[in-house]
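Structure record follows, encoded as structure tokens.
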Amino acid sequence: MSRPRSAGFGFGAVLVAIYAFIYAPIVISFIFSFSAERFPTIPLGGVSLQWYGFVWSDPDVHAAFWRSVNVAALAAPIAVFIGFGAAYTDYRSKFFGKALYLTLGLLPPLVPVLILGVAMLFFFARVGLFGGLYSIVISHVVLCTPFAFTVVRLRLTQVNPALEQAAWNLGAGPWRTFASVIVPLCLPAIVAALLVTAAISFDEFAVAWFVSGMNETLPVRVLNFVQGQASPRINAIGSLTFTISMLLVMSALILLFFRTPQGSAPIDAARDKP
Amino acid sequence: MSEPLIKIRQVSKSFGEFLAVDSIDLDIEEGAFVAIMGPSGCGKTTTLRMIAGLEIPDRGSIHYRGSDVTFAAPWDRRMPLVWQNLALFPFLNVMENVAFGLRMANVPKIERRERAHQWLDRLGLAEFSRRSVMDLSGGQQQRVALARALVTEPRVLLLDEPLSALDSHLVVRMQAELINLQRQLGITFVYVTHSQSEAFAMADRVVIMDRGRIQQIGAPREIFRLPTNRFVAEFVGANNIISGRVAELRGERAVVETELGMLCATSRSPLALQAEVDIIVGADLIAVGPDGVFAEDGKQIVSGRVVGEQFLGSSVTLHVDVGMQLPMKVQLPLHKFDQLGVGRGAAVSLSWEPSAALVLPATKQ
Amino acid sequence: MNAFTVASPKQRVARSSWRRKVFSFFWGAPLLIWQGAFFFAPLIFLIVLTFWSVRSFRVQPDATLKNWIKILTTEYVWSAYLRSVVLSACCSLITTAAAFPFAYFVAFRLSMRARLFATCLLIVPFFTSYLVRVYTWRTMLGQHGAVNNLLAWIGLPAQTMTDNFFGVLVGFVTLTLPLVCLLHVLSLSYVDKRLVEAAHNLGAPPFTTVLRVIIPSARTGLILGVAFAFVLSFGDFVSPDLLGGRNPPLVSLLIIDQVKGGSNWPSAAVIAMIMVITLVIVVLGASRLAYSGRK
Chain G
1 MSRPRSAGFG FGAVLVAIYA FIYAPIVISF IFSFSAERFP TIPLGGVSLQ
51 WYGFVWSDPD VHAAFWRSVN VAALAAPIAV FIGFGAAYTD YRSKFFGKAL
101 YLTLGLLPPL VPVLILGVAM LFFFARVGLF GGLYSIVISH VVLCTPFAFT
151 VVRLRLTQVN PALEQAAWNL GAGPWRTFAS VIVPLCLPAI VAALLVTAAI
201 SFDEFAVAWF VSGMNETLPV RVLNFVQGQA SPRINAIGSL TFTISMLLVM
251 SALILLFFRT PQGSAPIDAA RDKP
Chain S
1 MSEPLIKIRQ VSKSFGEFLA VDSIDLDIEE GAFVAIMGPS GCGKTTTLRM
51 IAGLEIPDRG SIHYRGSDVT FAAPWDRRMP LVWQNLALFP FLNVMENVAF
101 GLRMANVPKI ERRERAHQWL DRLGLAEFSR RSVMDLSGGQ QQRVALARAL
151 VTEPRVLLLD EPLSALDSHL VVRMQAELIN LQRQLGITFV YVTHSQSEAF
201 AMADRVVIMD RGRIQQIGAP REIFRLPTNR FVAEFVGANN IISGRVAELR
251 GERAVVETEL GMLCATSRSP LALQAEVDII VGADLIAVGP DGVFAEDGKQ
301 IVSGRVVGEQ FLGSSVTLHV DVGMQLPMKV QLPLHKFDQL GVGRGAAVSL
351 SWEPSAALVL PATKQ
Chain F
1 MNAFTVASPK QRVARSSWRR KVFSFFWGAP LLIWQGAFFF APLIFLIVLT
51 FWSVRSFRVQ PDATLKNWIK ILTTEYVWSA YLRSVVLSAC CSLITTAAAF
101 PFAYFVAFRL SMRARLFATC LLIVPFFTSY LVRVYTWRTM LGQHGAVNNL
151 LAWIGLPAQT MTDNFFGVLV GFVTLTLPLV CLLHVLSLSY VDKRLVEAAH
201 NLGAPPFTTV LRVIIPSART GLILGVAFAF VLSFGDFVSP DLLGGRNPPL
251 VSLLIIDQVK GGSNWPSAAV IAMIMVITLV IVVLGASRLA YSGRK
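Residue numbers (this note's numbering), protein chains in the order written: chain G, 1 to 274; chain S, 1 to 365; chain F, 1 to 295.
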């Protein structure tokens, strides 16, 4: 099959253009964070670590960073607990209205964050849940649970249902089966879900901006920076948060895909060793 | 006669529209090796699962040692199952797998390990106790599954086609091991299989099921020689089935009008004249010789042509066209076949004693 | 040995399944409770709020259509709405026009490994801060920014690329392009290659194949891509702010102004509901288009 060379070129150009467009701000932000000048441009005037230094020593940034960490540290376990429970329920039970249950529980990522943020702001203010770190935790759990669900549910599809039944058969009631069989089988997925939800929470700025009041998380701090004083500090923070998020996600991927999966398809009993 | 260990009464189970088990009654005595056998979809596995509590009957009751356990949760029954796909816990090593049931019974750790080790020893797996179950061969995994079930010292062991995934040379060995174990321990085995040879080799009593119903219960030999209906006759062994109508009744003997002529056969249940019947003749009970060799002295004689031969090792099955829709099957030992010297297309005579032919009322298919 | 107590069949079913029901409930209920209380309730409250009123700077429960009438008859709301719709539609078109050839190349002309790598490269941007990217664009597209410097170096005049629709579009595309590309790559990789081969076999030149075979097969992905891009960009408030100048405003900015600026929450709620209704219509319309005509 002959393909005209020009077509290949054309496609290649589109590919390059798109990746260039997507990665331009990312790469340039990274470069700008090392700028010696207040208003960096291409070509870079001089190289310096001053912005990282400023960010490192800025008490507001510190406070915001730790708030982000605390929120993620609280939101992730709660979201994974709820998401895991929902995934397990989906895996094991059939009940009336199950499709509805799932749709309702997993809808949040599809609703625009602006709407969610505004709705939560109004609601929390009305019921007195506004303005604390807990407000952000609550809203992040709402957003992150569907992701935790997906990660765990994927893992559960690989689990042989006979394993649970074998445990029952050997005397384990539902709770003991859960603790002794399901949890060990799902452990990598649980940890991966924790890492993914932590990453999502750590990066989330929109809803947090609405419900946090004065309690800024790091992304909210960035939003306020961006709307106020422009400076390469922002690029520095951006590079740092990117690194942290990537680390979290890479660890999750390694756990999910590079460990030998256990408890998968039924053990193949037909082998040729005696 | 003491109470049976397990009593199944009028148990039915449906899955949606599909009736898997249809009003079955079954008694299982203590210490017996009972095999439940039948084609795929006959309900044998469903029955086993209901005994284990993994399915709840829609109707009927199951009693164990006198108590009604129909609705008891699976973890409250002490009837470990050896699974078809083994269901070993991949996140536990061999020792932990075997000790699992003891752990669930809250047996202290030291005692658990000791008892698990005893069983591993007994089944020749002691050296693997710390290995992951995934590293073992099929046969070894099978034995781990067995040890896991037996370590809890149950009164009843349930087995769901445990040998079906093993290579054939392993199957024979494992069968012998299982028979030995059952004899030594004296516990009740309920063994589900689709393989006739397995059921016959191992069980004291065989239960044959088809389409949710029990077709016949009895000792292997009884089922083999004296099937009670057409399904069992076709399913078990090599039997020839000749349909006909009862022409005469003479006590235990019946004369039946068939497309091969008037045949004489033995009946074990009352028959009516003109009733539609099937005559069952075991393939190994038919003598075969060159055409015209048999003298008529009360035997049934039929002529035909050899259309096929099947070499089974120490025996041969001959397919002989005698004018019916299906050829008749004759099974003879290899040395007899060699003596006979007949090949494809040869004209032969078949002969059997009337006592070897069984008359059964025809069942509607 | 355990003892099986003598209980009636009904009692026994009740007891064993009660324990199982508690167990299932324990694991299944939290999702319903949490999302019900913190996802649904706020959304329902948003609707309810549109009927409340503001008296002396305090929001009071009420049952009035006043807010709706006021917003629906205000000129600048509609003009902002129109601008938002037009810009989001442009974003959808641009991203689809760019993503489709991109995805075609990746799905059909790259090896398995290259495709995997290309896909991973599309996923990385999700973990960078969208805020920082938009901010970086602002510095790059400014009067004395990198892009204008480049243009000057080539000899072209400086362009105003921020505080206008162009800037907003750049931001929107930054937000939506990776997702739309991903969607199209996935959708096209599910197109049955044999159909394509059959078409080539019957003599159809590549472009015709694309028109007649590939686009119809990948229709769902295409329509979903358009819908996603529209929904995402319609709700975005960062690009209109940083790259669009705040004038003239878009719907998302209107909402934020009402919320952060004043206490007229019912009005903000009305505008938010208008946004929700628009998006629901778009999504429903897209679903019907995408899945109609399927056997």
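Glycine included, every Cβ here is placed at the ideal spot set by N, Cα and C.
Could you check the C-alpha separation between VAL77 (chain F) and ILE71 (chain F) for me, to the nearest Å? 7 Å
Backbone CA spacing between ALA347 (chain S) and ASP321 (chain S) [nearest angstrom]: 10 Å
Chain G contact for GLY203 (chain F) (CB, 8 Å cutoff): no
According to DSSP, residues forming a beta bridge with ILE82 (chain G): Paired residues: none, contrary to the question.
According to DSSP, is TYR191 (chain S) helix, strand or coil? strand
List the residues of chain S that LEU253 (chain G) touches, going by C-beta distances under 9 Å, in chain order. None at all; the shortest Cβ gap to chain S is about 21 Å.
According to the neighbour-count rule (16 or more other Cβ atoms, all chains shown, within 10 Å of its Cβ), is GLY299 (chain F) buried or exposed? Absent from the model: residue 299 (chain F). The displayed extent of chain F is 1 to 295, so no value can be given.
Alpha carbon of PHE33 (chain S) to alpha carbon of PRO174 (chain G), nearest angstrom: 31 Å
State the DSSP-derived secondary structure class of VAL211 (chain G), mapped to helix, strand or coil. helix
Would you mind stating whether ARG83 (chain F) and PRO248 (chain F) have Cβ atoms separated by less than 8 Å? yes
Three-state secondary structure (DSSP) of ALA20 (chain G): helix
Between the stretch 144–178 of chain G and chain S, which residues of the former have a C-beta closer than 7 Å to a C-beta of the latter? ASN160, ALA162, LEU163, GLN165, ALA166, TRP168, ASN169, LEU170, GLY171, ALA172, GLY173 and ARG176
Over what stretch of residues does the alpha helix (DSSP H) that includes TYR64 (chain S) continue unbroken? Per DSSP, TYR64 (chain S) belongs to no alpha helix (DSSP H); it is in the beta strand (DSSP E), 59–64.
Helix, strand or coil at LEU131 (chain F) according to DSSP, with G and I counted as helix: helix
Just curious, the beta strand (DSSP E) that GLU257 (chain S) is in, first and last residue? 253–258
Give the residues from the stretch 116–131 of chain G that approach chain F closer than 8 Å (Cβ to any Cβ), ordered along the chain. LEU116, VAL118, ALA119, MET120, LEU121, PHE122, PHE123, PHE124 and ARG126
Is PRO290 (chain S) helix, strand or coil when you go by DSSP? strand
Beta-carbon spacing of GLN274 (chain S), ALA357 (chain S) below 8 Å: no
So for LYS13 (chain S), helix, strand or coil by DSSP? strand
Scan the stretch 220–251 of chain G for residues whose Cβ lies nearer than 8 Å to a Cβ of chain F and list them as they occur along the chain. VAL222, LEU223, VAL226, GLN227, ALA230, ILE234, ASN235, ILE237, GLY238, THR241, PHE242, SER245, MET246 and VAL249
For chain G, check one thing: does any of its Cβ atoms lie closer than 8 Å to the Cβ of TRP352 (chain S)? no
Just to confirm before moving on: does the CB-CB distance between VAL156 (chain S) and MET37 (chain S) stay below 8 Å? no
Looking at chain G, which residues of the stretch 90–105 of chain S have a Cβ within less than 7 Å of any of its Cβ atoms? PRO90, PHE91, PHE100, GLY101, MET104 and ALA105
What residue range is occupied by the uninterrupted alpha helix (DSSP H) comprising VAL156 (chain S)? Element bounds for VAL156 (chain S): not the alpha helix (DSSP H) but the beta strand (DSSP E), 156–160.
For VAL107 (chain S) and VAL144 (chain S), which I take to be in contact (beta-carbon distance under 8 Å), what is that distance rounded to the nearest angstrom? Actually they are not in contact, since the Cβ atoms of VAL107 (chain S) and VAL144 (chain S) sit about 18 Å apart, beyond 8 Å.
Whether or not the stretch 38–47 of chain F and the stretch 106–119 of chain G are in contact is what I'm after, with contact meaning three or more pairs of Cβ atoms, one per stretch, closer than 8 Å; do they touch? yes
For ILE26 (chain G), three-class secondary structure by DSSP: helix
Would you check if the distance between the CB atom of ALA189 (chain G) and the CB atom of LEU256 (chain G) is smaller than 8 Å? yes
Mind pulling the chain G residues with CB within less than 9 Å of LEU54 (chain S)? GLN165, TRP168 and ASN169
Spatially closest choice to LEU175 (chain F) from F:PRO101, F:LEU186 and F:VAL124, by CA coordinates: F:VAL124
What residue does the beta strand (DSSP E) around CYS264 (chain S) start on, and which one ends it? 261–267
Cβ atoms of ALA17 (chain G) and THR197 (chain G): under 8 Å apart, would you say? no
PRO146 (chain G): buried (16+ other C-beta within 10 angstroms of its C-beta) or exposed? buried
Outcome for LEU150 (chain S) when other beta-carbon atoms lying within 10 angstroms are tallied against a minimum of 16: buried
Could you please give me the residues that DSSP links to ILE241 (chain S) through a beta bridge? S:ILE280
Since TRP75 (chain S) meets chain G, which of its residues come closer than 9 Å, beta carbon to beta carbon? ALA167, TRP168, ASN169, LEU170, GLY171, ALA172, GLY173, PRO174, ARG176 and THR177
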